[in-house]
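*Asks:* One structure, pasted below without further comment.
In the numbering used here, the protein residues as written are 1214 to 2372.
Printed below as a string of structure tokens:
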């Protein structure tokens, strides 16, 4: 299992390091990026800018407010930590190695410094796949090399959308390199980073190597979409696959490979991801300027109005570049007034991009960088932007064509393939370069991207513009065409041999005529290579051993070499026929030849050999003549060579002198220009920082202004001579200020205040530099509190004062009212004190610690002290005999915050300890402002009352004894009378029971001093004691009833029980009685409802007349208690409902004089 990384790069423990390059306008973009950065990110972020080395940077201060991440200026040896943000120091070169930063000072002058490239190059080598390059707003091209290195090492490159950047130079240059992976708004960069690396951080491949995995993916992709990417650069493919896996949420290669096989749609999505369609109209303006000014005019002139001009734009994407060539060609043709037949072919393998190109519809943003006159001339507006007009559209044909597998166009005059081959491996670049050579006509033009470096190009093409990567096809036979078929196997289209040279069209029979009647001839290139030879001319050639050579001077017979070389030296004069005579021996035979040379219209050289008549001279003489001719020729050449050398030396010296001067001047101009540009970028960055600082000051000023306006405070600023400098709107309420008053003395301005008194206080403040607070009254009755403060002056601020006026009129009225209320409070306190001291009760107040805070004389007398002696003493120390009783009571009140009333205490007084006294006490919590402050105490001496109650109880007991005896006698008389046979015995029995019930109730009342009795104690003897608890259910709240109610209810219940025993539930052993009572208050009446319910007895018999018992119940309840009685004869048994007003039942207890007190 291997990590998804190139073997030449490292990831340094997986730490993601983000290099951000920015220049002019970068501060705003950086702040926008950091705004969306998570607080707990795990990346190290390095910000590199163009900074002025002579001024301190404010970046650390400004960015620290934008993010919670630590912001640090990098220094030599500074370690790199995740979650940190690092800044480059002004004037430093910043690089990274071994997880530490390294810095050094710039040695280069301004203009040639490239701090962004320097850092990104080192970052690419250091972090590999975990390197990220982000390019934001700025000018210039300082980033192009760095981001290319990051991309080539497997890293990620993100670029701010140029339309969003304040300065789009750096973003556009970054895009032009073809190295950027995504072009995003600033707000999306941080979220994309976080998501992308979160998914691929642990991405592993289960295959032996990355290459094997890529090959498997690419083979399946070729099977699905028909395009072969196996010879694309592995780093590019890995990055594209990783992006797709990140989107799908997959972390293992096997998962993705299975998904790619199972889902046919994924192949199309991966195909779209691999394709990078970054283009624009007239992309790289310098290259198009060179084409318009030099290259295209030459092509058009050569074609002429009768010829044709064929242009091929390979990798045209959405068509902007193809249309750019069309516009440029039409403009040049119009300028030259030469109109060849023009055909432009735009090709790409992205069918979606081609659909856009064919439609020719572009947004306003797409055409915004074009000159307005060209937009108006070649486009027409539509609802969504612009459309290409018919004139331009008709000269361009778009088609789907692969540079790898499809045959190229032929007879092409200009072929543009920019920023396509940077993604190819070297072998594929070589094959495509051969295809381009095959496709182009001789002297055809090839245009490549500025970032493309293809070694094979220089073997097949002549570079005509180094700065713009424009090449001219070298003359000669076309290269062998190597195409990959669908299965990736090479398809050899033709051989590289001389027979494939395209011959000009000739008239019928011309070849036979030239073969039989024309002299021997040869066709050479302008470089002297042999292109064609007639059959008769072969006798003048001699092929040596070894690798075949095409140079004519290598192929010509040695005897003719010097003569032919002399002729070829006349190439500048070969526009007309030039001849040289050869006299010598060939094959030991004397020969005289006239060798004639001439340039053809298609830039070739025609050599003809004409045999002349020879005199009858022998071969030796001919050989001697040849030698003499050669010696004479050599002497002539040497003489010419000496002259030329002299002239050349002189010209060279002059040229070198001029060249050095021009070079020096050019270097100085370039240096000055670069320094100015660098200084401008640095000033722009500094200006951005200052603008940010100004914005902060402006915000602070606005905050201050809003604060002053919202505070409604009258504030006046005066200078050291007490002249008006500034004032708030509220100050117009005290002074009649107008805007023109600034600069006037304060005493010249009208006011209802005593201005002279104010100025006197202001002068004191200026003299003492000490704040003064004082009050002033206005003539209209308002009161103001004034605060006069001296300025905090420094070198740039003139001294003065700040006068603030606060309207305290209402406060003064409130203060007066408060003073009045204080007087009333004192008066009321005195009244309470009089009441306290004059009260017949003994009263006191204890603190939390049970220390006496207050006591009146009566309480002090009980304790046996004077009032002053009692205050400050503890409760227990003043009453040691009662300590164990009274301290728990006081603690209970404090803990529960509840009252305890009528608590009796017994003991002796200090002045008479032997006599026991009885006191009734009330204890209550004392609160202040909602908080518990202590315990209040009331003491009443009830010794005499207790003694009186004791005597009363003794009398009541005696009375009870006598009544009981009397009722016993009555009961005896009733019993005697019952023995009389003429009297109904039931009547006597009932009467006896009534007397007994009356006696029981009388007993209970006597025990309570005839004040009240417990209801349950009245009912239980009548029911449960007689009939049993298992047959009687009593249920209801506890009620203490008065004497009248006790007698009446006792009598009524007795009658109901007697009736139940005779006719109802109690007459049957299974019968039961339930007596319930409850209180009901409906807002109009407050009553107790008693319900008597019988069950289990015989069915009741309803008679028309009320019996004696029923009449007794009704008269007792209605007459004595003002209640109501209802009888319900139901099948289950009798149900009787008694409704009695509460106030007739219960004796309302007398309320205590003192309730819980709050002071």
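Quick reminder that beta carbons are idealized off the backbone N, C-alpha and C, glycines included.
Would you identify the three-state DSSP class for residue 1415, choosing helix, strand or coil?
*Replies:* The predicted position of residue 1415 is uncertain, since its pLDDT is 49 and thus under 50; no value can be drawn from it.
*Asks:* Could you give the first and the last residue of the continuous alpha helix (DSSP H) run that contains residue 1335?
*Replies:* Element bounds for residue 1335: 1328-1340.
*Asks:* State the DSSP-derived secondary structure class of residue 1755, mapped to helix, strand or coil.
*Replies:* Looking at residue 1755 - three-state DSSP - the assignment turns out to be coil, as it is neither helix nor strand.
*Asks:* With a threshold of 7 Å, establish whether the CB of residue 1341 neighbours any heavy atom of the ligand NAD.
*Replies:* Because no ligand of any kind appears in the structure shown, any question about the ligand NAD cannot be addressed here.
*Asks:* Leaving out the 5 sequence neighbours to the left and right, which residues in its chain are closer than 8 Å to residue 2368 when beta-carbon positions are compared?
*Replies:* Here the model assigns residue 2368 a pLDDT of 33, short of 50, so the residue's position is not dependable, and the following value carries that caveat. Once the five neighbours on either side are set aside, the close Cβ partners of residue 2368 are 2112 and 2137.
*Asks:* Can you check the segment 1543-1579 for any beta strand (DSSP E) of at least 3 residues that lies completely inside it and give the ranges in chain order?
*Replies:* If we require 3 residues or more, the beta strand (DSSP E) runs fully inside the segment 1543-1579 come out as 1554-1561.
*Asks:* Report all residues from its chain with a CB closer than 8 Å to the CB of residue 1483; omit the five preceding and five following residues, and keep chain order.
*Replies:* Closer than 8 Å at the Cβ level, and outside the excluded window around residue 1483, lie 1430, 1434, 1453, 1454, 1457 and 1473.
*Asks:* Closest to residue 1395 by CA distance: which of 1349, 2339, 1380 and 1437 is it?
*Replies:* It is 1349 whose Cα lies nearest to the Cα of residue 1395.
*Asks:* Terminal residues of the continuous alpha helix (DSSP H) containing residue 1973?
*Replies:* Here the alpha helix (DSSP H) through residue 1973 covers 1968-1981.
*Asks:* Curious, which full-length alpha helix (DSSP H) runs of at least 4 residues does the segment 2257-2307 contain?
*Replies:* DSSP runs (the alpha helix (DSSP H)) wholly in the segment 2257-2307: none.
*Asks:* What residues in its chain sit with their C-beta under 6 Å from that of residue 1229, if we drop five residues either side in the sequence?
*Replies:* Only 1256, 1343 and 1410 meet the Cβ criterion.
*Asks:* Below 8 Å between beta carbons: does that hold for residue 2134 and residue 2148?
*Replies:* Going by C-beta atoms, residue 2134 is not nearer than 8 Å to residue 2148.
*Asks:* Do you know how far the Cα of residue 1908 is from the Cα of residue 1682?
*Replies:* The straight-line gap from Cα to Cα measures roughly 46 Å.
*Asks:* Which whole runs of the beta strand (DSSP E) in the segment 1357-1383 are 3 residues long or more, in chain order?
*Replies:* As far as the segment 1357-1383 is concerned, its whole beta strand (DSSP E) runs of at least 3 residues are 1369-1373.
*Asks:* Rounded to whole angstroms, what's the CA-CA distance from residue 2110 to residue 2145? Just pull it up for me.
*Replies:* Distance between the alpha carbons of residue 2110 and residue 2145: 8 Å.
*Asks:* Going by the DSSP bridge assignment, what does residue 2337 pair with across the sheet?
*Replies:* DSSP output for residue 2337 lists 2352 as bridge partner(s).
*Asks:* Assuming residue 1494 and residue 1554 are in contact, meaning their beta carbons sit under 8 Å apart, how far apart are those beta carbons, in whole angstroms?
*Replies:* With a Cβ gap of about 24 Å, residue 1494 and residue 1554 do not count as contacting.
*Asks:* Of the choices 2139, 2141 and 2131, whose alpha-carbon is the least far from that of residue 2158?
*Replies:* Among 2139, 2141 and 2131, the Cα nearest to that of residue 2158 belongs to 2131.
*Asks:* Would you call the CB atoms of residue 2278 and residue 2308 closer than 8 Å?
*Replies:* Closer than 8 Å, so yes.
*Asks:* Alpha carbon to alpha carbon, how far is residue 2045 from residue 2061?
*Replies:* Near 22 Å, if we compare the C-alpha coordinates of residue 2061 and residue 2045.
*Asks:* Residue 1937 and residue 1955 - do their beta-carbons sit closer together than 8 Å?
*Replies:* Yes, these two residues count as a Cβ contact at 8 Å.
*Asks:* Could you tell me the alpha carbon to alpha carbon distance between residue 1407 and residue 1583, rounded to whole angstroms?
*Replies:* If you take the alpha carbons of residue 1407 and residue 1583, they lie about 37 Å apart.
*Asks:* In or out: residue 1717 buried (at least 16 other Cβ within 10 Å) or exposed?
*Replies:* Residue placement at residue 1717 is flagged as unreliable, the pLDDT there being 44, under the threshold of 50; the coordinate-derived value follows with that caveat. Answer is exposed; the Cβ neighbour count stays below 16.
*Asks:* Excluding the 5 residues preceding and the 5 following residue 1676 in the sequence, name in chain order all residues of the same chain whose CB lies nearer than 6 Å to its CB.
*Replies:* Excluding residues within five positions, the ones whose Cβ falls inside 6 Å are 1684.
*Asks:* Could you give the residue range of the alpha helix (DSSP H) that holds residue 2032?
*Replies:* 2022-2051 is the extent of the alpha helix (DSSP H) around residue 2032.
*Asks:* Beta-carbon within less than 6 Å of residue 2047's beta-carbon, same chain only, minus the 5 sequence neighbours each way: which residues are those?
*Replies:* Contacts found: none.
*Asks:* Residues in its own chain within less than 6 Å of residue 1598 by CB, not counting five upstream and five downstream?
*Replies:* 1575, 1576 and 1577.
*Asks:* Tell me the DSSP secondary structure of residue 1927 in three-state form.
*Replies:* Here residue 1927 sits in strand by DSSP.
*Asks:* Beta carbon of residue 1738, beta carbon of residue 1688: below 8 Å?
*Replies:* It is a contact, given that the beta carbons lie within the stated cut-off.
*Asks:* Please classify residue 1254 as buried or exposed, where buried requires at least 16 neighbouring CB atoms within 10 angstroms.
*Replies:* When all chains shown are included, residue 1254 counts as buried.
*Asks:* From residue 1611 to residue 1286, what distance separates their C-alpha atoms?
*Replies:* One C-alpha to the other measures close to 53 Å.
*Asks:* Going by C-alpha distance, which of 1580, 1764, 2023 and 1929 is nearest residue 1939?
*Replies:* Looking at the Cα atoms, 1929 is the closest of the given residues.
*Asks:* With a threshold of 6 Å on Cβ separation, who are the neighbours of residue 2329 within its own chain once the five nearest residues in sequence on each side are excluded?
*Replies:* Answer for residue 2329: 2261, 2264 and 2265, listed in chain order.
*Asks:* Pick out whichever of 1789, 1817, 1826 and 1818 has its Cα sitting closest to the Cα of residue 1806.
*Replies:* Of the listed residues, the one whose Cα sits closest to residue 1806 is 1826.
*Asks:* Is it true that the CB of residue 1780 sits closer than 8 Å to the CB of residue 1791?
*Replies:* In contact: residue 1791 and residue 1780 (Cβ atoms closer than 8 Å).
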